[in-house]
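Student:
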Amino acid sequence: MSALRTSELGKRYRQRWALRDAGIVVPAGARVALVGPNGAGKSTLLNLVSGLLKPTTGRVEVFGRPLEPAVVAFVAQDKPLYRRWSVADLLRFGAAANPAWDRAAAWALLSGHDIGQHERVDRLSGGQRTLVAIALAVGKRAGLVVLDEPLAELDPLARLQVMSVVRDLEATVLLSSHILADLAEVCDHLILLGAGRVRLCGSFADLLSGHPAAELEDLVLHYLRNPEAVR
Amino acid sequence: MSGPLWVAWRGQRAQAAAIAGLLLLYGAAATIERLEPDLSGRTFQLAGLLAGAICLIWGAPLIAREFEAGTHQLAWTQSLSRGRWLAAVLAVAAAGALTATAVLTLMLTWALPDAGGDPMAWPYYESHGPLPFGRSLFALALGVALGAVTRHTRVAMPLSVLLTGTSQLAGRALRDGSGLPFWTMQWTETAVYLALALSLTGVAYLAIRHRV
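Note that the protein sequences, when read in sequence, are chains A and R. Residues in the first sequence are numbered from 1 upward in steps of one, following UniProt numbering. Residues in the second sequence are numbered from 1 upward in steps of one, following UniProt numbering.
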């Protein structure tokens with residue numbers, strides 16, 4: 001069964017289509033890198049998959065069923081958290097808002113990175129805040145974890161920490177970046193968006209086989225430079 | 001406290017504390033008035049400001065602040081529906097507004113049993129009966145709806161205070177012309193405020209239903 005399947009998925013803001021006719025299939029257990037230039041529709045796609053946005057056209061299925069909030073965990077762009085709360089308050093929030101809450105798993109992630117429960121969120125570093133946001137997603141026990149630009153504005157060490165946590169998540173993971181190199185080591189699947197359209201969708205191995213490009217970067221560049229290229 | 005209600009309470013503790021601070025000021029004003037008979041009636045004249053404080057401090061930022069900080073994206077991607085989230089948030093806020101109104105009403109009537117003057121004059125009329133409760137809920141819902149629609153506290157806060165004040169003045173003008181007895185007028189006005197509060201709650205729900 002696929003973890004995520006969208007068909008004819010589209011979102012229009014007034015006259016402009018932010019995303020159009022997106023058909024995506026993500027197998028269970030995949031680590032999917034969602035890449036594309038700024039304004040390509042990455043956040044729109046992730047907001048549709050997380051249920052924050054209602055699609056204009058098409059549908060989203062998660063693990064074979066219509067999208068429900070409990071089955072997807074979402075870490076939004078800029079990792080919004082209640083900044084004046086303590087870490088313990090935020091985890092209690094997670095427990096209060098999610099029936100399947102896994103307290104032990106959420107705390108294990110935080111204590112593994114020396115984040116104390118009495119620390120206030122606005123005193124944490126950007127990397128630590130990202131880990132708290134991911135801990136909320138882990139505690140929710142969702143089968144699909146979606147992260148919008150989780151590495152943006154992090155220093156190199158924090159990036160490594162976050163990517164190693166993402167690698168170990170026991171879920172299907174979909175995460176976006178406008179820099180593919182950030183994600184290539186951890187991910188095994190790619191979705192490339194350009195101008196609101198899905199240009200590529202598949203595993204790294206499948207995408208590279210039968211294409212002259214030797215590296216993923218070259219493949220992505222080829223499809224972005226040639227808007228007419230069809231796979 | 002059950003799940004969603006705890007979430008709502010944790011998010012509104014600071015507002016509750018601010019309103020509690022305001023009630024202490026009212027208590028101080030009532031005490032001073034008792035000691036200084038020259039000030040008779042002043043505290044009742046100030047009592048109407050509670051509704052303004054409720055829309056300013058509690059109602060307007062309730063949803064607008066979530067939009068400004070982006071935390072609505074966190075709140076609305078948990079396992080609760082947006083409708084349940086809003087219901088819990090409004091239940092806590094409404095309980096707070098009603099409690100504050102009850103405390104103020106009791107405080108004023110106990111501390112100043114002789115003050116207020118003519119029952120139909122606004123300082124007395126607007127601090128007695130069900131009317132202050134209806135006004136508080138209306139002010140809260142007005143602030144919440146404006147915050148949800150405008151998504152900016154800096155717009156919703158002043159606008160909601162302005163409209164709450166305007167509604168108070170409009171109520172006085174209509175009252176002067178109606179000539180209805182005290183309780184008929186009290187309940188009629190309260191019913192109008194409650195109906196407006198319900199409609200504004202609907203506006204707030206529609207404003208957040210499909211938005212990111």
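Every residue gets a Cβ at the ideal spot worked out from N, C-alpha and C, and that includes glycine.
Mapping DSSP to helix, strand and coil, what is Cys55 (chain R)?
Tutor: Position 55 of the second sequence, counting from 1, holds the residue named residue 55 (chain R). Helix.
Student: Going along the chain, which residues of its own chain have a beta-carbon closer than 7 Å to the beta-carbon of Leu142 (chain R), five neighbours each way excluded?
Tutor: The sequence position of residue 142 (chain R) within the second sequence is 142, counting from 1. Excluding positions up to five away in sequence, the list reads Cys55, Gly59, Ser160, Leu163, Thr164 and Leu200.
Student: I'd like to check one pair, His222 (chain A) with Val32 (chain A): are the Cβ atoms closer than 8 Å?
Tutor: What you label residue 32 (chain A) is simply residue 32 of the first sequence in a count that begins at 1. What you label residue 222 (chain A) is simply residue 222 of the first sequence in a count that begins at 1. Cβ atoms of Val32 (chain A) and His222 (chain A): not closer than 8 Å.
Student: Would you list the one or two residues that DSSP bridges to Phe138 (chain R)?
Tutor: Numbered from 1 along the second sequence, position 138 holds the residue referred to as residue 138 (chain R). Its beta-bridge partners do not exist; DSSP assigns none.
Student: Just the Cα atoms here: how many angstroms apart are Ala76 (chain A) and Asp118 (chain R)?
Tutor: Translated into positions along the first sequence, residue 76 (chain A) becomes position 76. Translated into positions along the second sequence, residue 118 (chain R) becomes position 118. Between Ala76 (chain A) and Asp118 (chain R), the C-alpha separation is close to 58 Å.
Student: In whole angstroms, what is the alpha-carbon distance linking Ala104 (chain A) and His72 (chain R)?
Tutor: Position 104 of the first sequence, counted from the start, is the residue given in the question as residue 104 (chain A). Position 72 of the second sequence, counted from the start, is the residue given in the question as residue 72 (chain R). For Ala104 (chain A) and His72 (chain R), the distance between alpha carbons rounds to 25 Å.
Student: Per DSSP, what kind of secondary structure is Val89 (chain R) in: helix, strand or coil?
Tutor: Here residue 89 (chain R) refers to the residue found at position 89 of the second sequence. Three-state result, Val89 (chain R): helix.
Student: Residues in the same chain with beta-carbon distance under 8 Å from Asp182 (chain A), minus the five sequence neighbours each way, listed in chain order, please.
Tutor: The count along the first sequence starts at 1 and reaches residue 182 (chain A) at position 182. Taken in chain order, the residues that qualify are Leu151, Arg159 and Met163.
Student: What are the boundary residues of the beta strand (DSSP E) that Ile24 (chain A) is part of?
Tutor: Within the first sequence, residue 24 (chain A) is the residue found at index 24, counting from 1. From DSSP, the beta strand (DSSP E) with Ile24 (chain A) extends over Arg16 to Pro27.
Student: Going by the beta-carbon positions, is the gap between Ile24 (chain A) and Val173 (chain A) smaller than 8 Å?
Tutor: Taking the first sequence and counting its residues from 1, one reaches residue 24 (chain A) at position 24. Taking the first sequence and counting its residues from 1, one reaches residue 173 (chain A) at position 173. No. Outside cutoff.
Student: I want to know whether the segment 133 to 141 of chain R touches the segment 185 to 198 of chain R - three or more CB-CB distances under 8 Å.
Tutor: Result yes; three or more Cβ-Cβ pairs closer than 8 Å.
Student: Using the C-alpha atoms, what's the distance from Gly3 (chain R) back to residue 232 (chain R)?
Tutor: Outside the shown range of chain R, which is 1 to 212, sits residue 232 (chain R), and nothing can be said about it.
Student: Going along the chain, which residues of its own chain have a beta-carbon closer than 8 Å to the beta-carbon of Ala96 (chain A), five neighbours each way excluded?
Tutor: Stepping through the first sequence from its first residue, residue 96 (chain A) is reached at position 96. So the list is empty, once near-sequence residues are dropped.
Student: Only counting runs of 3 or more residues, tell me where the beta strand (DSSP E) segments fall wholly within the segment 121 to 168 of chain A, in order along the chain.
Tutor: DSSP runs (the beta strand (DSSP E)) wholly in the segment 121 to 168 of chain A: 144 to 147.
Student: Hey, does Ser79 (chain R) have any beta-carbon neighbour from chain A nearer than 8 Å?
Tutor: What you label residue 79 (chain R) is simply residue 79 of the second sequence in a count that begins at 1. For Ser79 (chain R), the answer is yes, since a Cβ of chain A falls inside 8 Å of its Cβ.
Student: Where does Phe63 (chain A) fall in DSSP's three states?
Tutor: Translated into the one-based positions of the first sequence, residue 63 (chain A) becomes position 63. In this structure, Phe63 (chain A) counts as coil in the three-state DSSP scheme.
Student: How big is the Cα-Cα spacing for residue 288 (chain A) and Asn47 (chain A)?
Tutor: Since the first and last residues shown for chain A are 1 and 231, residue 288 (chain A) lies out of range.
Student: I need the straight-line Cα distance from Ala91 (chain R) to Leu67 (chain A), nearest angstrom please.
Tutor: Within the second sequence, residue 91 (chain R) is the residue found at index 91, counting from 1. Within the first sequence, residue 67 (chain A) is the residue found at index 67, counting from 1. Using only the alpha carbons, I get a separation of about 28 Å.
Student: Starting from the Cα of Tyr13 (chain A), find the closest Cα among A:Lys79, A:Asp89, A:Gly210 and A:Gly41 and give me that residue.
Tutor: Here residue 13 (chain A) corresponds to residue number 13 of the first sequence, with the count starting at 1. Out of A:Lys79, A:Asp89, A:Gly210 and A:Gly41, A:Gly41 has the C-alpha closest to the C-alpha of Tyr13 (chain A).
Student: Going by alpha carbons, who is nearest to Val60 (chain A) out of A:Ser176, A:Asp21 and A:Asn98?
Tutor: Position 60 of the first sequence, counting from 1, holds the residue named residue 60 (chain A). The shortest Cα separation from Val60 (chain A) among A:Ser176, A:Asp21 and A:Asn98 belongs to A:Asp21.
Student: Restricting to Cα atoms, I'd like to know which of R:Ser81, R:Ala156 and R:Ser127 is closest to Gln168 (chain R).
Tutor: Taking the second sequence and counting its residues from 1, the one referred to as residue 168 (chain R) is at position 168. Minimum Cα distance to Gln168 (chain R) is reached at R:Ser127.
Student: Between A:Leu4, A:Ala70, A:Gly143 and A:Leu52, which has its C-alpha nearest Arg209 (chain R)'s C-alpha?
Tutor: As a working mapping, residue 209 (chain R) is identified with position 209 in the second sequence. Of the listed residues, the one whose Cα sits closest to Arg209 (chain R) is A:Leu52.
Student: Where are the beta strand (DSSP E) runs, 3 residues long or more, that stay fully inside the segment 43 to 91 of chain A, in chain order?
Tutor: The qualifying runs are 57 to 62 and 72 to 75.
Student: Thinking C-beta only, is Leu144 (chain A) closer than 8 Å to Ala184 (chain A)?
Tutor: Residue 184 (chain A) sits at position 184 when you count from the first residue of the first sequence. Residue 144 (chain A) sits at position 144 when you count from the first residue of the first sequence. No, the Cβ-Cβ distance between Ala184 (chain A) and Leu144 (chain A) is not below 8 Å.
Student: Compare the C-alpha of Thr166 (chain R) against each of R:Trp76, R:Thr101, R:Leu106 and R:Leu49 and name the closest.
Tutor: Looking up residue 166 (chain R) in the second sequence gives position 166. When each option's Cα is compared against that of Thr166 (chain R), the closest is R:Leu49.
Student: Looking at chain A, which residues of the segment 150 to 161 of chain R have a Cβ within less than 7 Å of any of its Cβ atoms?
Tutor: Against chain A - using a Cβ distance shorter than 7 Å - the segment 150 to 161 of chain R contributes no residues.
Student: Identify, in the order they occur along the chain, each residue of the same chain with its Cβ nearer than 7 Å to the Cβ of Arg175 (chain R), setting aside the five sequence neighbours on each side.
Tutor: For this step, residue 175 (chain R) is matched to residue 175 along the second sequence. Taken in chain order, the residues that qualify are Met185.
Student: The beta strand (DSSP E) spanning Thr172 (chain A) covers which residue range?
Tutor: Residue numbering aside, residue 172 (chain A) sits at position 172 when the first sequence is read from its first letter. Residues Thr172 to Ser177.
Student: Can you name the residues of chain A whose CB is closer than 8 Å to the CB of Pro4 (chain R)?
Tutor: Within the second sequence, the letter at position 4 stands for residue 4 (chain R). Near Pro4 (chain R) (Cβ distances below 8 Å), the residues of chain A are Ala96 and Ala97.
Student: Assuming His189 (chain A) is part of the beta strand (DSSP E), what are its boundary residues?
Tutor: In the first sequence, counting from the first residue as 1, residue 189 (chain A) sits at position 189. Where His189 (chain A) is concerned, the enclosing beta strand (DSSP E) stretches over His189 to Gly194.
Student: Would you please verify whether the beta carbon of Ser50 (chain A) is less than 8 Å from any beta carbon of chain R?
Tutor: Here residue 50 (chain A) corresponds to residue number 50 of the first sequence, with the count starting at 1. Chain R contact via Cβ: present.
Student: Sorted by chain position, which residues of the same chain lie with C-beta nearer than 8 Å to Trp85 (chain A)'s C-beta, five sequence neighbours on each side aside?
Tutor: Translated into the one-based positions of the first sequence, residue 85 (chain A) becomes position 85. Only Phe93, Arg120 and Val121 meet the Cβ criterion.
Student: Output, in sequence order along the chain, the residues in the segment 96 to 129 of chain A whose CB is closer than 8 Å to any CB in chain R.
Tutor: If the cut-off is 8 Å between Cβ atoms, the segment 96 to 129 of chain A has Ala96, Ala97, Asn98, Pro99 and Ala100 near chain R.
Student: Quick one: does His128 (chain R) have its CB under 8 Å from some CB of chain A?
Tutor: As a first step, residue 128 (chain R) is located in the second sequence; it is residue number 128 there, counting from the start. Closer than 8 Å: no.
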